[in-house]
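Accompanying notes for the structure given below.
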Amino acid sequence: MVFGLDAPWGLGKTSFLNLMRRHWEKNLDGKYKIKPVVFNFEPLKFPQGENLSDRFIEETVHAISKEFPIPELTPLLGRYSRYLRGLSSVTIFGFQFGINDYLFNDGYKLQLENFLQREEVKLIVFIEDLDRISYKEAKQILYSMKSAFDLPNISYVVCYDSQNMLQNMDVKFNQKAEARCSENCVAIASNEAGNTENLLEFLEKFVQIKVPIFIETDELAKYLSALMMRLQERLFLNYKEEFVLELKAVIEVMLGIKNEQYHEKFFDYLGKPDNTYYYEKIIRDPRKIKRLLNHIVFLDIKGVEYVDGTDFLHLLLIYINYPHVFRHIYQVETGTTSGYFARGASDKNEEPTEKDKAYYAFKRGLDPAADFLLEQIFSRDKYKYQDKEDIEKIAAKFPGNLPRYLDMITKQRLPPEESSHKYQLKVIDDIHHGTLTIEGLYQDKEELLGDETKYGLLWLNLSNKIASISKDYSLQDADNLILRLISYFPLHSALEISDINIGIRFELPIRLLSILDAVGWDFKADRGRHNTPENLKILAHRILGLEKFEGQGIIDKLLADQRGILGLYDLMLFRLYISPDRSGGYFNIDRALLTFRESYRETEPFIRTVDVMQEISQTVFSKFAELYIDKEINIFAEIDSLSLDELSGGRTEYIKNSCTVETITSAVESTKTKLKAFISYQLGSTKEDFGIGCGFYDLEGSSHQQGINAVYNDYLFNLIFNPEKSKSAHQYFLDYLLINSGSTVEYNSDKRVLRNDVYKDVLNTTRLAQHIETYKAELIAEIDNLATQDKQIIINQEAVTYRDYKHDIIFFLEENSG
Numbered sequence: 001m002v003f004g005l006d007a008p009w010g011l012g013k014t015s016f017l018n019l020m021r022r023h024w025e026k027n028l029d030g031k032y033k034i035k036p037v038v039f040n041f042e043p044l045k046f047p048q049g050e051n052l053s054d055r056f057i058e059e060t061v062h063a064i065s066k067e068f069p070i071p072e073l074t075p076l077l078g079r080y081s082r083y084l085r086g087l088s089s090v091t092i093f094g095f096q097f098g099i100n101d102y103l104f105n106d107g108y109k110l111q112l113e114n115f116l117q118r119e120e121v122k123l124i125v126f127i128e129d130l131d132r133i134s135y136k137e138a139k140q141i142l143y144s145m146k147s148a149f150d151l152p153n154i155s156y157v158v159c160y161d162s163q164n165m166l167q168n169m170d171v172k173f174n175q176k177a178e179a180r181c182s183e184n185c186v187a188i189a190s191n192e193a194g195n196t197e198n199l200l201e202f203l204e205k206f207v208q209i210k211v212p213i214f215i216e217t218d219e220l221a222k223y224l225s226a227l228m229m230r231l232q233e234r235l236f237l238n239y240k241e242e243f244v245l246e247l248k249a250v251i252e253v254m255l256g257i258k259n260e261q262y263h264e265k266f267f268d269y270l271g272k273p274d275n276t277y278y279y280e281k282i283i284r285d286p287r288k289i290k291r292l293l294n295h296i297v298f299l300d301i302k303g304v305e306y307v308d309g310t311d312f313l314h315l316l317l318i319y320i321n322y323p324h325v326f327r328h329i330y331q332v333e334t335g336t337t338s339g340y341f342a343r344g345a346s347d348k349n350e351e352p353t354e355k356d357k358a359y360y361a362f363k364r365g366l367d368p369a370a371d372f373l374l375e376q377i378f379s380r381d382k383y384k385y386q387d388k389e390d391i392e393k394i395a396a397k398f399p400g401n402l403p404r405y406l407d408m409i410t411k412q413r414l415p416p417e418e419s420s421h422k423y424q425l426k427v428i429d430d431i432h433h434g435t436l437t438i439e440g441l442y443q444d445k446e447e448l449l450g451d452e453t454k455y456g457l458l459w460l461n462l463s464n465k466i467a468s469i470s471k472d473y474s475l476q477d478a479d480n481l482i483l484r485l486i487s488y489f490p491l492h493s494a495l496e497i498s499d500i501n502i503g504i505r506f507e508l509p510i511r512l513l514s515i516l517d518a519v520g521w522d523f524k525a526d527r528g529r530h531n532t533p534e535n536l537k538i539l540a541h542r543i544l545g546l547e548k549f550e551g552q553g554i555i556d557k558l559l560a561d562q563r564g565i566l567g568l569y570d571l572m573l574f575r576l577y578i579s580p581d582r583s584g585g586y587f588n589i590d591r592a593l594l595t596f597r598e599s600y601r602e603t604e605p606f607i608r609t610v611d612v613m614q615e616i617s618q619t620v621f622s623k624f625a626e627l628y629i630d631k632e633i634n635i636f637a638e639i640d641s642l643s644l645d646e647l648s649g650g651r652t653e654y655i656k657n658s659c660t661v662e663t664i665t666s667a668v669e670s671t672k673t674k675l676k677a678f679i680s681y682q683l684g685s686t687k688e689d690f691g692i693g694c695g696f697y698d699l700e701g702s703s704h705q706q707g708i709n710a711v712y713n714d715y716l717f718n719l720i721f722n723p724e725k726s727k728s729a730h731q732y733f734l735d736y737l738l739i740n741s742g743s744t745v746e747y748n749s750d751k752r753v754l755r756n757d758v759y760k761d762v763l764n765t766t767r768l769a770q771h772i773e774t775y776k777a778e779l780i781a782e783i784d785n786l787a788t789q790d791k792q793i794i795i796n797q798e799a800v801t802y803r804d805y806k807h808d809i810i811f812f813l814e815e816n817s818g
């Protein structure tokens, strides 16, 4: 008798065999004169190329001889075995020994049949993994079993997966169609070799009773729950851990397990009927579930709690089941070229982009299940996310997020917990509820003087959320928060080196503005905040240093003596971002600054940037004049004198231990160039649009005759560029020309552009011409000197050398001398 155990790999065929073995050993012992024997034949243990027909004969004969030590049986088996081996030279139907019945009408086989019947010798043969060898080898074994060992008292249990055997046949199959119905998605395959035997009909020649194995969904649910419990114990996680429960819920939906706790949750769409076919193929058996969870254990589940669990599982399933697809994603998204998997949110009504075309071209020809997994990640709609508001920070389909997922899976390299979005939101909630303080986060000096990621995220998330919780902030609370943030500016790095995550100082003025706009104005305990002009006055006073804030305003705080030239840069950023035409959206601050216009009416239909920026621009320049012009302090010299420690907020040791000398030098020089360009432009520019400069205004009043620009030109030409005041004056002037030259992109040029119109927003053309006429010979000599020294300036990470621009600068001087 031949039984066929037909089930996919991993569904428990071996476990079922072991169960049968234990049953027979227990229940048949003593029932027969000789104890029945169970014998395993495992074709996979033999080297590829072995004649499995011969091996099957040898193994079977050896098992009978070993397990039944009957004197009469051994020589009989020996003669029969030699007889079978003698037939190995006969080739019939392409196999190495004969199949025709008459070949076995020999006395040897008849003697063996009579003996086995008389002695009641019982042998049960398990033939495993028939589907994991070639179709040709499987046929050899089955023909041997049928022809050579079709003997009394010997039964066979043949294990295979008919679907897998179908794929192993030496013929080509074509995926003909996918027929969708209401309950499933069925793959229909067509056999293109018309003369090939139908597999199922072929198996029916040998298998009398087919025993398929099915696993009940309830049993899968129990198995998954037991594994998840073990997973939590190994990782010391609480059973209610959010991410663990999310993973379990998503896996249950994939497996078709119904759980009322998760009914109508965001991942319900995973259980759509059309998805069932794919999930059954990818995950729906105990071995595949266990393999998936083992990978999760290996990756340290505690470290990935902040990612989207559904995206994480689908990527992990690609990694496990389709490594070539995952490898391609990794290469495309982490290499030097622009990736096309993480394309973010796209409008389906728009024409496909080049990235869309590349993505769909890659998917063409993939296994349908691999294609399905990709679509679940990279074409997932917004409504299919739990945290819809935060999908751009969490979802794998957005470019900035996908590398995190890939690194977690391939390198087990996880971002620090404090850099995760969910962790930061929890920090903000803890601060709001008083269980955590901002001061406490800054207490660890060693941590503070390193990576700034967590501090950048702290102020980003706090400034984003504070408007929604402003009612919980009294005016005193707001005072404390604002002053604390300002006090932390010098603790952070103005030097931007992304590889080691430093450089958040110049983000802080924006965070300060968001907090000011939300809670920096009058608060009534019984009525909350109402942004009437009267209530907003305190906001203007706070910024400009008026009335109760006299000498203690934000402008005063940012320009405090110990802050030096970096404090001036902080202030110029703060002033610029207030400008309405920069789209800062600080409505309350804009309204507050407008109250200083005598002609202001609350009913005015729109806010004019010129009006909003007048008072703060005049106040800022007045403070600058007091601190730098009146005292004849050269801002260029101040910038050049900045040390690495001052620029980095005390992170010299961290930077030197993490970066090359070349990287540090480039970052320092680039930052100093940026300071010179930005401060000078903001103070002197007369340009009215996209961030109006102080130079547009007069020192006081509303006539806008650009009086500030005239004073700033006096400061530049009489102090900074004056060789009688500084021995470096000519270099400062030439540096100014290069630093503020027109970019190659803006002017569509191969080189930076030095033209009069490039400088006219800040430099008075008459003063410029007079200066060049007066010092032209000295300036040309200085150019020769700087070119000989191979002096360079770093502008936006680009090295601009005097040697390359020597003739361009001289030509400019000749063209613009008085």
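Taken in order, the sequence shown gives residues 1 to 818; the numbers are from UniProt numbering.
Glycine included, each C-beta is placed from N, C-alpha and C at the ideal position.
Practice item. Counting only the same chain and skipping the five closest in sequence on each side, list residues whose C-beta sits under 6 angstroms from that of N713. Key: N764, R767, listed in sequence order.
Review point. Between which two residues does the alpha helix (DSSP H) carrying residue 822 extend?
Key: Shown here, the chain extends from 1 to 818; a query on residue 822 therefore has no answer.
Practice item. Quick one: residues in its chain with C-beta nearer than 6 angstroms to the C-beta of I318, no 5 flanking neighbours on either side, listed in chain order? Key: Within the same chain, I318 has close Cβ partners V325, F326, L373.
Check your understanding: For the candidate residues G520, I500, N796, whose alpha-carbon lies nearest to that of K471?
Key -> It is G520.
Review point. Is Y473 closer than 8 angstroms to I504 when the C-beta atoms are compared?
Key: No; because the gap between Cβ atoms is not below 8 angstroms, this pair is not in contact.
Check your understanding: Taking the alpha-carbon positions, what's the V800 to L738 distance?
Key -> Those two C-alpha atoms are separated by around 8 angstroms.
Check your understanding: Is DSSP giving F733 helix, strand or coil here?
Key -> Helix, per DSSP.
Exercise for review: At 4 residues or longer, and completely inside the region 638-673: list those alpha helix (DSSP H) runs for me, N to C.
Suggested key: Listed in chain order, the alpha helix (DSSP H) runs fully inside the region 638-673 are 644-648, 652-658, counting runs of at least 4 residues.
Check your understanding: Candidates Y322, A342, D590, K357: which alpha carbon is nearest A370's?
Key -> It is Y322 whose Cα lies nearest to the Cα of A370.
Point to revise | Beta-ladder partner(s) of P212, from DSSP | key: Note: P212 sits in a beta bridge opposite D6.
Check your understanding: Just the Cα atoms here: how many angstroms apart are H807 and Q552?
Key -> Answer to the nearest angstrom: the Cα atoms are 50 angstroms apart.
**Study point:** Assigned exposure category for G400 - 16 Cβ within 10 Å defines buried
**Key:** Classification of G400: exposed, given that the 10 Å Cβ count is below 16.
Review point. In three-state DSSP terms, what is Q443?
Key: It is coil, neither helix nor strand.
Check your understanding: Out of L130, E113, N796, which has the shortest C-alpha to C-alpha gap to E42?
Key -> Ranked by Cα distance from E42, the first of L130, E113, N796 is L130.
**Study point:** Per-residue DSSP class, three states only, for V244
**Key:** Looking at V244 - three-state DSSP - the assignment turns out to be helix.
Check your understanding: By how many angstroms is the C-alpha of L299 removed from the C-alpha of M408?
Key -> Distance between the alpha carbons of M408 and L299 is about 7 angstroms.
Review point. In whole angstroms, what is the alpha-carbon distance linking K465 and I428?
Key: Rounded to whole angstroms, K465 to I428 spans 8 angstroms at the Cα level.
Check your understanding: Of the choices F636, P212, P286, H704, whose alpha-carbon is the least far from that of N722?
Key -> For the residues F636, P212, P286, H704, the minimum Cα distance to N722 belongs to F636.
Review point. Are A540 and T619 close, meaning C-beta to C-beta below 8 angstroms?
Key: For A540 and T619, no; Cβs fall outside 8 angstroms.
Check your understanding: So, do the region 641-654 and the region 582-593 have three or more beta carbon pairs nearer to each other than 8 angstroms?
Key -> Taking a contact to require three or more Cβ pairs closer than 8 angstroms, the region 641-654 and the region 582-593 do not qualify as touching.
Practice item. Return yes when the Cβ of G691 is within less than 8 angstroms of the Cβ of I708, no when it is not. Key: With contacts defined by Cβ atoms closer than 8 angstroms, I708 and G691 do not form a contacting pair.
Check your understanding: Out of E452, K281, G339, L441, which has the shortest C-alpha to C-alpha gap to D367?
Key -> Ranked by Cα distance from D367, the first of E452, K281, G339, L441 is K281.
Review point. Which two residues bound the contiguous beta strand (DSSP E) that contains N40?
Key: Element bounds for N40: 37-41.
Exercise for review: Mind checking which residues open and close the alpha helix (DSSP H) that includes E814?
Suggested key: Residue range 802-816 is occupied by the alpha helix (DSSP H) that includes E814.
Point to revise | C-alpha distance - V186 paired with N275, whole-angstrom precision | key: Bear in mind that a pLDDT of 31 at V186, under 50, signals an unreliable position, so the number given afterwards is only what the model happens to contain. Taking the Cα positions, V186 is about 11 angstroms away from N275.
Practice item. Please classify L813: is it buried, with 16 or more other beta-carbons within 10 angstroms of its beta-carbon, or exposed? Key: With 16 or more other Cβ atoms within 10 Å, it is buried.
Check your understanding: Can you list, in chain order, the residues of its chain whose CB lies under 8 angstroms from that of I810, leaving out five sequence neighbours each side?
Key -> Answer for I810: I780, I783, listed in chain order.
Check your understanding: Using DSSP with H/G/I as helix, E/B as strand and the rest coil, what is A396?
Key -> In the three-state DSSP reduction, A396 falls in the coil class, being neither helix nor strand.
Review point. Roughly how many angstroms lie between the CA atoms of L436 and L495, to the nearest whole one?
Key: Within the model, the alpha-carbon separation for L436 versus L495 is close to 29 angstroms.
Exercise for review: Return yes when the C-beta of K205 is under 7 angstroms from any heavy atom of the ligand GDP, and no when it is not.
Suggested key: Of ligands this structure carries none, so the ligand GDP is not represented either.
Review point. Which residue's Cα is closest to the Cα of L293: S225, T14, E815?
Key: Answer by Cα proximity: S225.
Exercise for review: Would you kindly work out how many angstroms separate the C-alpha atoms of R803 and K631, rounded to a whole number?
Suggested key: K631 has its alpha-carbon roughly 36 angstroms from the corresponding atom of R803.
Exercise for review: With DSSP as the reference, label Q792 as helix, strand or coil.
Suggested key: The answer is strand: DSSP assigns Q792 an E or B state.
**Study point:** Those residues which DSSP pairs with A249 across a bridge
**Key:** Beta-bridge partners assigned by DSSP to A249: none are found.
Practice item. Please go through the same chain and pick out, in chain order, the residues whose beta-carbon is closer than 8 angstroms to the beta-carbon of Y102, but skip the five residues on each side of it. Key: Low confidence applies here, because Y102 scores a pLDDT of 38, under 50, leaving its location unreliable and the question unanswered by this model.
Point to revise | For I772, the residue or residues it bridges with in DSSP | key: DSSP links I772 through a beta bridge to no other residue.
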